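S.K.: Mapping of the sequence shown onto our numbering: position 166 corresponds to residue 166, and the numbering continues sequentially without gaps.
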Amino acid sequence: HPVWSVTEAAAAVLASIADENPDACRHIKNLFDHELWRVQYGAAEASFLVRFTDRNQLFREAVGRFYQHPEPLLRGDCAENLAAWILDSGPAERRDLLRTMEQPLSYWLHNEEEDCWILDHVYRLFRTLVAEGFEEDCKPLLANGVSHLLDGDPVWHSLDRQSFLRRIEDRKRAKAAAALT
1 HPVWSVTEAA AAVLASIADE NPDACRHIKN LFDHELWRVQ YGAAEASFLV RFTDRNQLFR
61 EAVGRFYQHP EPLLRGDCAE NLAAWILDSG PAERRDLLRT MEQPLSYWLH NEEEDCWILD
121 HVYRLFRTLV AEGFEEDCKP LLANGVSHLL DGDPVWHSLD RQSFLRRIED RKRAKAAAAL
181 T
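(1) Helix or strand or just coil, what does DSSP make of E71?
(2) When DSSP labels each residue in this structure, what does P154 get in the three-state scheme?
(3) Going by C-alpha to C-alpha distance, which of S158, L149, R51, D54 sits closest to A174?
(4) So, are the CB atoms of L74 and A44 less than 8 Å apart?
(5) So, at 7 Å on beta carbons, what are the nonlocal neighbours of F126 in its own chain, with the 5 sequence-adjacent residues on each side left out?
(6) Considering only residues of the same chain and omitting the five flanking positions on each side of C116, which have a CB-CB separation below 8 Å?
(7) Closest by CA to E114, which one among A79, V130, S147?
(8) Below 7 Å CB to CB, which residues in the same chain sit around V130 once its five sequence neighbours on both sides are set aside?
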C-alpha cells in the first residue's frame, strides 16, 4: 500500500534525525497527538526505529497509546514491532516484556480483534515463544481465554500459519453470516 511506503520512509528519516540528535525524539512524541492516524502511524514506527537511542521508552509509550486505536493499521504496526522486540530479546528481557506489555497483548488476544494482520503477529509471537520454551511465560496472557477467532482445538498457536489464517477467515465469515440471520 502506498501509504505504508511513504509513512515508513518518513519514519526512517525521523529516526535518522533522532539518532544524530536525541532531542528530536520529543518531536516524534509530539506527533503521537496529531489528528491524522497516518501521522500517528509514522510516529509509532519512528519510535520503534529509535529504540536504541532512547532504550525503547518512546516505543513503550507508542504501544501504550495506540494498541486500542480504532485504525487497525496503527494497532498492527504496534503489534508487529512489539512482537519483533520481544522475539529479539534475551530470556530475562522477554519475560519482563511479557509482564510489562501484558495489557496490549491481552487486549489483542481477548477482545474481538478481527484484523488478520494483527492476529498474525500475535500468532507468530506465541508460536515462537512456545517453540522456544516460553510457554509458562505465556500462560498468564492466556489465563482469561482468547477471542472466539482464536479459541478451539487444536490450540491456535500450534497450527501452521496457513491453517491459522484460514481458521480466522472461516470464523469471521460464520460471524458475518450469523449476523445476517
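C-beta: ideal position from N, C-alpha, C; glycine also.
Only a predicted model underlies this, so the values are computations on that prediction, with no experimental measurement involved.
M.R.: Walking through what the data contain:
(1) Here residue 71 corresponds to residue number 71 of the sequence shown, with the count starting at 1. Coil, per DSSP.
(2) Taking the sequence shown and counting its residues from 1, one reaches residue 154 at position 154. Coil at P154, not helix or strand.
(3) Here residue 174 corresponds to residue number 174 of the sequence shown, with the count starting at 1. Of all alpha-carbon atoms in S158, L149, R51, D54, the one lying nearest the alpha-carbon of A174 is that of L149.
(4) Locating residue 74 in the sequence shown gives position 74, counting from the first residue. Locating residue 44 in the sequence shown gives position 44, counting from the first residue. Closer than 8 Å, so yes.
(5) Counting from 1 along the sequence shown, the entry for residue 126 is found at position 126. Within the same chain, F126 has close Cβ partners C138, H157.
(6) Locating residue 116 in the sequence shown gives position 116, counting from the first residue. The residues L165, I168, E169, in chain order, have a CB closer than 8 Å to that of C116 in the same chain once the five nearest residues on each side in sequence are set aside.
(7) For this step, residue 114 is matched to residue 114 along the sequence shown. Ranked by Cα distance from E114, the options A79, V130, S147 are led by S147.
(8) On the sequence shown, position 130 is the one that residue 130 refers to. For V130, the CB contacts under 7 Å within the same chain, skipping 5 residues up- and downstream, are C138, H157 in chain order.
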